[in-house]
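Numbering (my numbering), first residue to last: 30 to 403.
Below is the structure:
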């Protein structure tokens, strides 16, 4: 990258650190991915998967399913815990982001484990039920059912899941609330409230988002972001989020994601049937094959869906940026907001093209700043 090409709102020395920070995060992620591959293969080929799948053969298969999922999740959790510790604790402390103590970090990891376990029980329970009742077309029904799961999860996420990990308080700044109400009202959006999230309890990073659907929709601002941005800058960030609702990006993602999931499950069905004649012959047999099911599912989804999904997401993000710039008519506030986030969050504004293609769901900050200038 030509240093002269860096936008004047971006700190050149910070961008050098951002590239190093990003590179380290990717290396940690790849290391964890390799560790996952090892433990999942060991889980299956050691015979432990078969033993768990056929535990208590004279009792309800629901009990075997529950025990299997618990042990599978627990082993994965414990095996990858050192990688998570380095990634989200040691590495974040190294770069001056984390505000957590070890005890607080462990508590958050425990919460994450039990929340993911409950979600796993529910989602896998639905999937295994569909596979047992409709073995010939399970891929179609499960793919279509993923749309329902997405809608339910999007609706309940801000009122059930988020409060487990963060504390939310109503925003009291009258000027800020009036400005946010004004930008939402342009699209006839109503919010169940404007909330501030206690991000500073865990990190110095900043974030803001619109969460929920219908009556659960709410505007959430990280307290770090409120402390570091002016009201016009915050409004430009929220205007971007309103743009997603204007163009119905959430519903488009659900529809496109459902189609992709049907295709992924269809391909997965063919791979699993070719690999094992026991696939779909019973719930216990499916449980035994579950580690391979996860590996093949992840591989197909990654190579088929991830690049396409990232490209689609970047397109939607560009639309949301365009909407924000048109509505606020203040490119300076928009530019200051995203440049400030890049400087304070160590975001690489000018990644290499292959990095952008594989990992970026948003247009790089450098491109967004150039668009704002135009």
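The beta-carbon is built from N, C-alpha and C at its ideal position, and this holds for glycine as well.
Assigned secondary structure, residue i (DSSP; H/G/I helix, E/B strand, else coil)
{"i": "residue 182", "result": "helix"}
{"i": "residue 166", "result": "coil"}
{"i": "residue 403", "result": "coil"}
{"i": "residue 44", "result": "helix"}
{"i": "residue 127", "result": "strand"}
{"i": "residue 32", "result": "At residue 32 the pLDDT is 46, less than 50, meaning the model places this residue with poor confidence; the figure from the coordinates comes in the next sentence. DSSP places residue 32 in helix when its eight states are reduced to three."}
{"i": "residue 232", "result": "strand"}
{"i": "residue 308", "result": "coil"}
{"i": "residue 364", "result": "helix"}
{"i": "residue 78", "result": "helix"}
{"i": "residue 118", "result": "helix"}
{"i": "residue 37", "result": "coil"}
{"i": "residue 133", "result": "helix"}
{"i": "residue 87", "result": "coil"}
{"i": "residue 377", "result": "coil"}
{"i": "residue 55", "result": "helix"}
{"i": "residue 73", "result": "helix"}
{"i": "residue 327", "result": "helix"}
{"i": "residue 192", "result": "helix"}
Nearest candidate by alpha-carbon position, reference residue i, set the options
{"i": "residue 321", "options": "71, 337, 48", "result": "71"}
{"i": "residue 409", "options": "76, 111, 95, 43", "result": "Because the chain here runs from 30 to 403, residue 409 falls outside it and cannot be looked at."}
{"i": "residue 432", "options": "184, 371, 351, 179", "result": "There is simply no residue 432 to check, as the chain begins at 30 and stops at 403 in what is shown."}
{"i": "residue 108", "options": "87, 151, 150, 60", "result": "60"}
{"i": "residue 315", "options": "39, 93, 66, 41", "result": "93"}
{"i": "residue 217", "options": "271, 164, 186, 165", "result": "271"}
{"i": "residue 349", "options": "362, 365, 176, 266", "result": "266"}
{"i": "residue 155", "options": "142, 170, 145, 143", "result": "170"}
{"i": "residue 229", "options": "250, 280, 240", "result": "250"}
Residue i, enclosing alpha helix (DSSP H) - first and last residue
{"i": "residue 292", "result": "278-304"}
{"i": "residue 218", "result": "Where residue 218 is concerned, there is no enclosing alpha helix (DSSP H), given that its DSSP letter is neither H nor E."}
{"i": "residue 268", "result": "260-275"}
{"i": "residue 337", "result": "335-357"}
{"i": "residue 113", "result": "90-114"}
{"i": "residue 318", "result": "Taken as a continuous stretch (DSSP letters only), residue 318 belongs to no alpha helix (DSSP H), as it is neither H nor E."}
{"i": "residue 244", "result": "Unbroken run through residue 244: none, as it is neither H nor E."}
For residue i, the residue or residues it bridges with in DSSP
{"i": "residue 225", "result": "198, 250"}
{"i": "residue 238", "result": "249"}
Whether residue i touches residue j by CB criterion (8 Å)
{"i": "residue 137", "j": "residue 99", "result": "no"}
{"i": "residue 168", "j": "residue 298", "result": "yes"}
{"i": "residue 258", "j": "residue 366", "result": "yes"}
{"i": "residue 200", "j": "residue 223", "result": "yes"}
{"i": "residue 283", "j": "residue 176", "result": "yes"}
{"i": "residue 120", "j": "residue 53", "result": "yes"}
Min CB distance residue i to chain B below 8 Å
{"i": "residue 399", "result": "The structure shown contains no chain B; it is built from a single protein chain."}
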